[in-house]
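J.:
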Amino acid sequence: MPGRLVIELENNKGIPYNYSLSTAFQGYLMDLIDEGFADKMHSSGYHPYSQFVMIADGRLRWIVNVLDEEAEKFIVKKLLEDDVKTVHINKLEDDLNIINKEYSATTYDELFKECYFKNDSRYIEVKFLTPTAFKQNNRYQFFPDIKLIFQSLMMKYDAASSQNVIFDAELLIHFEENAEIVSYNLRSTNFFVNSNKIPAFTGRVVFKVNGPMQMANLAYLLLKFGAFSGVGIKSGMGMGGIEVNINKGKEKKSDVRETE
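All residue numbers for the sequence shown refer to the working numbering, where the first residue is 5 and numbers rise by one.
1. How many Å lie between Lys44 and Glu247 at the Cα?
2. Alpha carbons only, please: which of Lys122, Asp35, His51, Ile67 is nearest the one belonging to Tyr23?
3. Between the segment 210-224 and the segment 124-141, can you find at least three pairs of beta-carbon atoms closer than 8 Å?
4. Quick one: does Val91 have its CB under 8 Å from some CB of chain B?
5. Return yes when the Cβ of Leu133 is within less than 8 Å of the Cβ of Ala28, no when it is not.
6. Roughly how many whole angstroms lie between the Cα atoms of Ala109 and Gln30?
7. List in chain order: all unbroken beta strand (DSSP E) runs of 3+ residues lying wholly within the segment 101-164.
8. Using a 10 Å radius around the Cβ and a threshold of 16 neighbouring Cβ atoms, would you call Lys117 buried or exposed?
9. Could you please give me the residues that DSSP links to Asp98 through a beta bridge?
10. Measure the alpha-carbon distance for Gly215 versus His51 and round it to whole angstroms.
11. Examine the Cβ distances between the segment 203-213 and the segment 80-99 and report whether three or more of them are shorter than 8 Å.
12. Need the endpoints of the alpha helix (DSSP H) that Lys201 sits in, please.
13. Go through its chain and collect everything with a Cβ distance to Val169's Cβ below 8 Å, but skip five positions before and after it.
14. Let's see if you can read the secondary structure: which residues bound the beta strand (DSSP E) around Gly245?
15. Taking DSSP as the reference, what is the three-state secondary structure of Gly7?
16. Which residue or residues does DSSP assign as beta-bridge partners of Phe196?
17. Note the first and the last residue of the continuous beta strand (DSSP E) segment covering Leu64.
18. Identify, in the order they occur along the chain, each residue of the same chain with its Cβ nearer than 7 Å to the Cβ of Ile37, setting aside the five sequence neighbours on each side.
19. State the DSSP-derived secondary structure class of Phe171, mapped to helix, strand or coil.
20. Cα separation between Leu225 and Lys151?
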């Protein structure tokens with residue numbers, strides 16, 4: 005049951021925003037939640053949540069996504085408690101007042117029906133809202149590689165969903181053969197974890213999925229799930245936050261451009 009909690013914050017102290025501010029919010033979250041649940045995530049290596057901070061409409065917003073009922077119980081319900089009125093940022097030694105909290109959730113069945121049975125477009129727009137990267141052969145990959153994107157999403161989906169298993173090496177090959185990037189506007193950036201600098205990218209990509217329509221629908225399902233799970237590495241720290249929309253218009257490959 006993926007869900008999303010949007011917390012709107014008052015930045016009355018004028019704290020400067022940058023992508024890496026999300027790591028401080030993760031620290032606050034780990035201090036807030038049940039210690040046993042935090043230890044369980046650490047020992048298992050499975051993190052049923054993602055989170056990031058962004059500026060939207062001039063407001064500071066903290067997006068916290070959960071992937072199952074246990075994460076909803078220990079993360080969302082804790083944040084929704086009435087006495088949670090501020091977010092304390094340790095490294096800044098400051099508190100941010102919470103203005104509003106809004107939570108919405110769906111089910112994996114509903115997500116599957118929406119994406120797999122109701123989609124009729126082969127064009128999918130993905131906005132990489134926060135720095136995104138992958139790790140392969142001990143090296144960071146910071147370009148939207150089709151294989152790495154769908155491999156990441158399939159593995160995250162299978163870890164979170166008890167109802168469907170998607171990952172398959174042959175299916176991954178089909179995505180490589182049938183999905184293509186027809187338009188992009190990307191910017192290279194960095195994400196800092198303490199003193200470590202991770203090369204990454206942000207921006208917009210439009211995918212076209214060829215082959216059977218079921219391939220396009222499955223790609224849409226995985227990417228919509230990715231809006232909850234994050235894509236790539238360190239989604240619990242604030243990387244890999246995405247927004248996904250169907251793109252009804254046909255994008256020409258001549259639209260491709262890159263900025264740095």
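Using N, Cα and C, we set each Cβ at its ideal position, and we do this for glycine too. The structure displayed is predicted, hence computed values, not measured ones.
T.: Short version:
1. For this step, residue 44 is matched to residue 40 along the sequence shown. For this step, residue 247 is matched to residue 243 along the sequence shown. Answer to the nearest angstrom: the Cα atoms are 29 Å apart.
2. Your numbering for residue 23 matches position 19 in the sequence shown. Taking only the C-alpha atoms, the option nearest Tyr23 is Ile67.
3. Yes: the two stretches touch, three or more of their Cβ pairs being nearer than 8 Å.
4. Protein chains in the displayed structure number just one, and chain B is not present.
5. What you label residue 28 is simply residue 24 of the sequence shown in a count that begins at 1. What you label residue 133 is simply residue 129 of the sequence shown in a count that begins at 1. No, they are not a contact pair.
6. In the sequence shown, residue 109 corresponds to position 105, counting from 1. In the sequence shown, residue 30 corresponds to position 26, counting from 1. A straight-line Cα-Cα distance of about 21 Å links Ala109 and Gln30.
7. Fully enclosed beta strand (DSSP E) runs of 3 or longer: 127-136, 138-140, 143-145.
8. Along the sequence shown, read from residue 1 onward, the residue named residue 117 stands at position 113. Under this definition Lys117 is an exposed residue.
9. Taking the first residue of the sequence shown as position 1, residue 98 is located at position 94. Asp98 pairs with Ile93.
10. Here residue 215 is taken as the residue at index 211 of the sequence shown, counted from 1. Here residue 51 is taken as the residue at index 47 of the sequence shown, counted from 1. Their Cα atoms are separated by approximately 33 Å.
11. Contact fails: fewer than three Cβ-Cβ distances are below 8 Å.
12. By one-based count along the sequence shown, residue 201 stands at place 197. Careful: Lys201 lies outside any alpha helix (DSSP H), inside the beta strand (DSSP E) at 200-213.
13. On the sequence shown, position 165 is the one that residue 169 refers to. Closer than 8 Å at the Cβ level, and outside the excluded window around Val169, lie Asp162.
14. The residue given as residue 245 occupies position 241 in the sequence shown. Counting along the chain, Gly245 falls outside any beta strand (DSSP E), and DSSP gives it neither H nor E.
15. Here residue 7 is taken as the residue at index 3 of the sequence shown, counted from 1. If DSSP states are grouped into helix, strand and coil, Gly7 belongs with the strands.
16. Here the question's residue 196 lines up with position 192 in the sequence shown. Paired residue(s): Lys201.
17. Here residue 64 refers to the residue found at position 60 of the sequence shown. For Leu64, the enclosing beta strand (DSSP E) starts and ends at 63-70.
18. Mapped onto the sequence shown, residue 37 falls at position 33. In the same chain as Ile37, and ignoring 5 residues on each side of it, the C-beta atoms closer than 7 Å to its own belong to Phe78, Ile79, Lys82, in chain order.
19. Locating residue 171 in the sequence shown gives position 167, where the first residue counts as 1. Coil at Phe171, not helix or strand.
20. As a first step, residue 225 must be located in the sequence shown, where it is residue number 221. As a first step, residue 151 must be located in the sequence shown, where it is residue number 147. Going by the C-alpha atoms only, they are around 16 Å apart.
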